[in-house]
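Remarks on the structure that follows.
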Amino acid sequence: MTGREYLAIPGPSVVPDAVQRAMHRASPNIYDGELIEVTATVVRDLKWVAGTAGHLAIYICNGHGVWEASLTNVCAPGDRVLVLDTGAFAKSWATVAQAVGLRVDVLDFGLSAPVDPNRVREAVQGQDYAAVLMCHVDTSTTVRSDVAAVRAAMDGSDALLMVDCIASLGCDRYEMDAMGADVTIAASQKGLMCPPGVAFVWFNDRAAARGRADVSPHWSWGARANPEMYYQHFHGTAPTHHIYGLRAALDLMKAEGLDAIWSRHARFARAVWAAVDAWGAPMALNVADVDARAHSVTSLTVPGAEPLRAWCAAHTGVTFGIGLGREPAEDWMRIGHMGHLNAHMVLGGLAALEAGLIATGTAHGPGALSAAAAVVAEGGAVGSGSVAAAGCCC
Ligand SMILES: *Cc1c(COP(=O)(O)O)cnc(C)c1O
Numbered sequence: 058m059t060g061r062e063y064l065a066i067p068g069p070s071v072v073p074d075a076v077q078r079a080m081h082r083a084s085p086n087i088y089d090g091e092l093i094e095v096t097a098t099v100v101r102d103l104k105w106v107a108g109t110a111g112h113l114a115i116y117i118c119n120g121h122g123v124w125e126a127s128l129t130n131v132c133a134p135g136d137r138v139l140v141l142d143t144g145a146f147a148k149s150w151a152t153v154a155q156a157v158g159l160r161v162d163v164l165d166f167g168l169s170a171p172v173d174p175n176r177v178r179e180a181v182q183g184q185d186y187a188a189v190l191m192c193h194v195d196t197s198t199t200v201r202s203d204v205a206a207v208r209a210a211m212d213g214s215d216a217l218l219m220v221d222c223i224a225s226l227g228c229d230r231y232e233m234d235a236m237g238a239d240v241t242i243a244a245s246q247k248g249l250m251c252p253p254g255v256a257f258v259w260f261n262d263r264a265a266a267r268g269r270a271d272v273s274p275h276w277s278w279g280a281r282a283n284p285e286m287y288y289q290h291f292h293g294t295a296p297t298h299h300i301y302g303l304r305a306a307l308d309l310m311k312a313e314g315l316d317a318i319w320s321r322h323a324r325f326a327r328a329v330w331a332a333v334d335a336w337g338a339p340m341a342l343n344v345a346d347v348d349a350r351a352h353s354v355t356s357l358t359v360p361g362a363e364p365l366r367a368w369c370a371a372h373t374g375v376t377f378g379i380g381l382g383r384e385p386a387e388d389w390m391r392i393g394h395m396g397h398l399n400a401h402m403v404l405g406g407l408a409a410l411e412a413g414l415i416a417t418g419t420a421h422g423p424g425a426l427s428a429a430a431a432v433v434a435e436g437g438a439v440g441s442g443s444v445a446a447a448g449c450c451c
């Protein structure tokens with residue numbers, strides 16, 4: 058197919074050319090010199106992205122890995138944790154907690170609503186939970202919950218608040234220290250715009266004080282966060298090329314600024330919602346409450362989502378996300394709009410989807426693309442994606 062393929066799923070996300078160029082290099086010296094210095098700036102700037110003055114441990118793994126890493130550093134088998142369930146990713150984190158021997162209670166908020174802090178307040182009262190686990194954004198339902206409100210509801214509890222920001226960091230406003238999270242996890246391949254393979258655990262002094270002495274040397278966050286020797290950062294060989302990729306991605310983020318990144322994601326999300334609203338029934342957004350919608354990814358129901366997705370991938374170069382954790386899965390899909398995007402990519406993706414609706418004979422109302430374009434027009438910013446060479450004659 059001519060033109061660029063566009064993976065419009067909730068990660069891996071679009072990898073900027075600058076990141077690809079930074080990674081395209083010979084193996085660097087891992088003993089001394091530039092790599093060691095670059096690693097230090099990457100650690101510093103990843104704390105800036107997460108909004109914390111706390112500690113950072115970097116792992117060579119995906120998000121599933123840091124689900125386990127975060128738990129085993131502060132919880133021992135038999136400890137009780139409370140999982141705030143807003144979708145398939147919270148459920149999966151609960152499964153990991155169970156598998157490492159924790160006693161897991163689940164508060165179920167359904168598949169279209171955020172965490173209700175009042176229920177959290179009741180649930181933690183008089184209980185001895187070691188930690189409360191939540192997804193800032195649950196990527197399956199695309200529900201976003203209010204982290205600061207959950208923290209406030211935990212007033213009086215000794216439990217640590219652990220937040221999965223894998224689908225929100227660098228997309229939706231997140232400030233770990235200000236919001237009161239004790240532990241935050243994320244991975245390289247979503248808002249951080251790098252290939253999958255590296256994941257992160259940020260933790261504050263309160264969580265550090267709960268750090269267990271008996272955690273396995275590989276998962277232990279202590280030496281990773283405060284290494285005496287460089288290799289201890291990664292408990293082995295450094296993810297050399299990812300470090301250069303992350304440096305380039307963080308440079309892009311610093312140049313744009315977090316407020317601008319968050320508002321760009323908010324605007325592109327509103328463009329997507331406007332289009333889906335205009336297409337109308339039987340299509341519908343999963344989350345009715347605008348304040349509980351992720352700005353990084355949008356779940357919607359549409360009859361025949363699977364042939365629609367397949368048509369778009371085959372004929373337009375755009376791949377949309379599957380309907381994870383829904384019944385029936387064939388009637389659900391997700392539009393990813395995280396990371397290195399500009400307006401032409403978002404609008405192009407929506408136009409590709411409309412072509413798919415026409416081609417597959419799926420019922421839909423008029424005006425979706427105009428509605429999305431109007432949202433973009435009111436914002437005025439071009440975003441950070443690749444500039445299209447429209448009408449170029451070379
Ligand atoms: C993607 C994602 C994960 C899983 O990450 P992997 O890298 O696929 O292991 C976990 N939690 C959330 C919220 C995610 O979006």
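With this note's numbering applied, the sequence shown corresponds to residues 58 to 451, in that order.
All C-beta atoms, glycine included, are put in the ideal place defined by N, C-alpha and C.
query	result
In angstroms, rounded to a whole number, what distance separates the CA positions of LEU64 and ALA341?	22 angstroms
Go to ALA244, then tell me how far its alpha helix (DSSP H) extends in each direction, as first and last residue.	First-last for ALA244: 240 to 244, but that is the beta strand (DSSP E), not the alpha helix (DSSP H).
Could you check what DSSP says for MET219 in three-state terms: helix, strand or coil?	strand
For VAL403, is the beta carbon positioned less than 7 angstroms from some heavy atom of ligand 1?	no
Considering only the alpha carbon of each residue, which of THR98, SER149, ALA170, ASP165 lies closest to VAL347?	ALA170
By how many angstroms is the C-alpha of ALA408 removed from the C-alpha of GLY424?	11 angstroms
For the alpha helix (DSSP H) holding ASP262, just list the boundary residues, first then last.	262 to 266
Using a Cβ-Cβ cutoff of less than 6 angstroms, which residues in the same chain neighbour CYS222 once the five nearest sequence positions on both sides are dropped?	HIS193, TYR231, THR241, ALA243
Could you check if HIS421 belongs to the surroundings of ligand 2, using beta carbon to heavy atom distance under 7 angstroms?	As for ligand 2, it is missing from this structure, which binds only ligand 1.
Is the segment 398 to 405 touching the segment 197 to 206 in the sense that three or more CB pairs, one from each, lie closer than 8 angstroms?	no
At what residue ranges does the segment 74 to 104 contain a whole run of the beta strand (DSSP E), taking only runs of 3 or more?	none
Step through the CB atoms of chain D and report whether any lies within less than 8 angstroms of the CB of ALA408.	Among the chains in the structure shown there is no chain D, since it carries only a single protein chain.
Using alpha carbons as the reference points, say which of VAL359, ARG321, HIS372 lies closest to PRO339.	VAL359
Residues in its own chain within less than 7 angstroms of ARG269 by CB, not counting five upstream and five downstream?	ASN130, VAL131, ALA133
Use the C-beta contact count for GLU62: other C-beta atoms within 10 angstroms, 16 or more gives buried, fewer gives exposed.	exposed
Can you tell me whether MET236 is buried or exposed? The criterion is at least 16 other CB atoms within 10 Å of its CB, across all chains shown.	buried
Among the residues of its own chain, which have a CB less than 6 angstroms from the CB of THR96, if the five just before and after it don't count?	ILE300
For PRO174, which residues of its own chain have a beta-carbon under 8 angstroms away from its beta-carbon, when the five flanking residues on both sides are left out?	ASP203, ALA206, VAL207, ALA209, ALA210
Go ahead and pull the three-state DSSP assignment for LEU410.	helix
Nearest-angstrom Cα distance between ASP388 and LEU141?	26 angstroms
Got a sec? Which residues, its chain only, sit under 8 angstroms from CYS449 by beta carbon, not counting five neighbours each side?	In this prediction, CYS449 scores a pLDDT of 42, lower than 50, which makes its location untrustworthy; no coordinate-derived value is stated.
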